[in-house]
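These notes are about the structure you will find just below.
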Amino acid sequence: MAVEIRLPTLLRPHADGAPSVTAEGDTVGAVFSDLTERFPGLSGQLVDAGGALHKFVNVYLNDDDIRYLDALDTKVDEGDVVSILPAVAGG
Amino acid sequence: MSGFALPLLRLTASQYQRVVGHCYHGLPDEACGLLVGPVAGGEATGAVSGVYPARNADASSRTYTVDGKDFLRASREAEARGHEIVGVWHSHTHTDAYPSPTDVRQAVDPMWVYVIVSLRDEAPTLRAFRIRDGAIAECQVVLEAG
Numbered sequence: 001m002a003v004e005i006r007l008p009t010l011l012r013p014h015a016d017g018a019p020s021v022t023a024e025g026d027t028v029g030a031v032f033s034d035l036t037e038r039f040p041g042l043s044g045q046l047v048d049a050g051g052a053l054h055k056f057v058n059v060y061l062n063d064d065d066i067r068y069l070d071a072l073d074t075k076v077d078e079g080d081v082v083s084i085l086p087a088v089a090g091g
Numbered sequence: 001m002s003g004f005a006l007p008l009l010r011l012t013a014s015q016y017q018r019v020v021g022h023c024y025h026g027l028p029d030e031a032c033g034l035l036v037g038p039v040a041g042g043e044a045t046g047a048v049s050g051v052y053p054a055r056n057a058d059a060s061s062r063t064y065t066v067d068g069k070d071f072l073r074a075s076r077e078a079e080a081r082g083h084e085i086v087g088v089w090h091s092h093t094h095t096d097a098y099p100s101p102t103d104v105r106q107a108v109d110p111m112w113v114y115v116i117v118s119l120r121d122e123a124p125t126l127r128a129f130r131i132r133d134g135a136i137a138e139c140q141v142v143l144e145a146g
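Chains A and B, in that order, give the protein sequences.
Yeah, the first sequence ends on 91 if you go by my numbering, and it's all consecutive.
Yeah, the second sequence ends on 146 if you go by my numbering, and it's all consecutive.
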């Protein structure tokens, strides 16, 4: 299952500068594993040490926040778009 | 005070009004939004092609979190223009227009411009900063017609 992954500017240097890349997998987690295997610099940027989605990123499958779906276990279909966005906050 | 180049942030009068208006509209909570513009050589140029008000997911007078869906929408519109998200703005309802320790700690992208609007006084104060490796440097802001 090939999906497009859109990267924020901050993470692109870890993926040869590309704004988007294609990765394989049946779930968002599997797609991220494929992605970090090819681009090790992204390792630790997406998933925390406990294996959960990192709190500093938001991930959307097409128009939906995966935290409100099945998080990293969310199923993906061919042609889906996974958008990785930074969590922007302050005080 | 810093070794990094600072863009000159150029806002049109209507962009300025939209940013400041959204900040007042958000009271008593902090308000926030995103700046879209061109990037050259991996750096924001200071030009702004669009300002995108966002919901403050914290609904707080002390903190803000840009609503993720609003970020997604702004990033898609940026992409359609061939531009990028180049900054974020938020209001300080009772303090200076200067990055708080929380703002510095949580600064996302060293390429971005961080705009802060203080509503503490009768007239709003808008200032812009780069935050890189914990260092704060102020960017000049120029208001243009339009």
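Each residue gets a CB set at the ideal place from its N, CA and C atoms; glycine is no exception.
Strictly below 8 Å CB to CB, what residues from chain A border residue i?
i: Val19 of chain B; result: Chain A residues near Val19 of chain B: none, gap ~15 Å exceeds 8 Å.
i: His90 of chain B; result: Gly90
i: Gln140 of chain B; result: Here the premise fails: no neighbours, minimum Cβ distance about 21 Å.
Within a Cβ cutoff of 7 Å, which residues of the same chain sit near residue i, ignoring the five residues on either side of it in sequence?
i: Leu10 of chain A; result: Pro86
i: Asp80 of chain A; result: Val3, Leu61, Asn62
If the cut is a Cβ gap below 7 Å, which residues of chain A does residue i touch?
i: Thr102 of chain B; result: Gly90, Gly91
i: Gly148 of chain B; result: Residue 148 of chain B lies beyond the range of chain B shown here (1 to 146); nothing can be said about it.
i: Leu72 of chain B; result: Tyr60, Ser83, Leu85
i: Gln106 of chain B; result: Ala89, Gly90
To which residues of the same chain is residue i closer than 6 Å at the C-beta, ignoring the five residues directly before and after it?
i: Arg6 of chain A; result: Ser20, Ser83
i: Asp96 of chain B; result: Ser118
i: Ile66 of chain A; result: Val28, Val59, Thr74
i: Arg18 of chain B; result: Val51
i: His83 of chain B; result: Val36, Gly37, Pro38, Ser49
Let me confirm a value: residue i is counted as buried when at least 16 other C-beta atoms fall within 10 Å, else exposed. Which label applies?
i: Thr22 of chain A; result: exposed
i: Tyr24 of chain B; result: exposed
i: Ala13 of chain B; result: exposed
i: Asp109 of chain B; result: buried
i: Gln140 of chain B; result: exposed
i: Tyr68 of chain A; result: exposed
i: Glu30 of chain B; result: buried
i: Gly146 of chain B; result: exposed
i: Ala149 of chain B; result: An answer regarding residue 149 of chain B cannot be provided, because it is not within the stretch 1 to 146 covered by chain B.
i: Pro40 of chain A; result: exposed
i: Val48 of chain B; result: buried
i: Gln106 of chain B; result: buried
i: Ser2 of chain B; result: Reliability of the predicted coordinates at Ser2 of chain B is poor, the pLDDT of 46 falling under 50, and the value obtained from them is presented with this limitation in mind. Exposed, because fewer than 16 other Cβ atoms sit within 10 Å of the Cβ of Ser2 of chain B.
i: Ala78 of chain B; result: buried
i: Val31 of chain A; result: buried
Just to confirm before moving on: does the CB-CB distance between residue i and residue j stay below 9 Å?
i: Ser100 of chain B; j: Gly25 of chain A; result: no
i: Val51 of chain B; j: Leu8 of chain B; result: no
i: Leu72 of chain A; j: Leu53 of chain A; result: yes
i: Ile85 of chain B; j: Asp103 of chain B; result: no
i: Trp112 of chain B; j: Leu6 of chain B; result: no
i: Pro28 of chain B; j: Ser75 of chain B; result: no
i: Gly37 of chain B; j: Trp89 of chain B; result: no
i: Thr65 of chain B; j: Val88 of chain A; result: yes
i: Asp48 of chain A; j: Lys55 of chain A; result: yes
i: Leu46 of chain A; j: Ala15 of chain A; result: no
i: Gly87 of chain B; j: Ala44 of chain B; result: yes
i: Asp70 of chain A; j: Met1 of chain A; result: no
Name the chain A residues whose beta carbon is nearer than 9 Å to that of residue i?
i: Tyr64 of chain B; result: Val88, Ala89, Gly90, Gly91
i: Ser75 of chain B; result: Arg6, Pro8, Ser83, Leu85
Short of 8 Å in beta carbon distance, which residues of its chain neighbour residue i, apart from the five on each side in sequence? Order them along the chain.
i: Pro124 of chain B; result: Val20, Cys23, Tyr24, Val117, Ser118
i: Pro13 of chain A; result: Gly41
i: Ala18 of chain A; result: Leu7, Arg12
i: Gly46 of chain B; result: Pro7, Leu8, Leu9, Arg10, Gly37, Val113, Cys139
i: Val142 of chain B; result: Leu8, Leu9, Arg10, Leu11
Please compile the residues from chain B whose C-beta is within a distance smaller than 9 Å of the C-beta of residue i.
i: Thr9 of chain A; result: Val39, Gly42, Glu84, Ile85, Val86, Asp109, Met111, Trp112
What does residue i reach in chain B if we use C-beta pairs closer than 8 Å?
i: Asp65 of chain A; result: Gly68, Lys69
* Asked: Would you call the segment 60-74 of chain B and the segment 122-132 of chain B touching, i.e. three or more CB-CB distances under 8 Å?
  -> no
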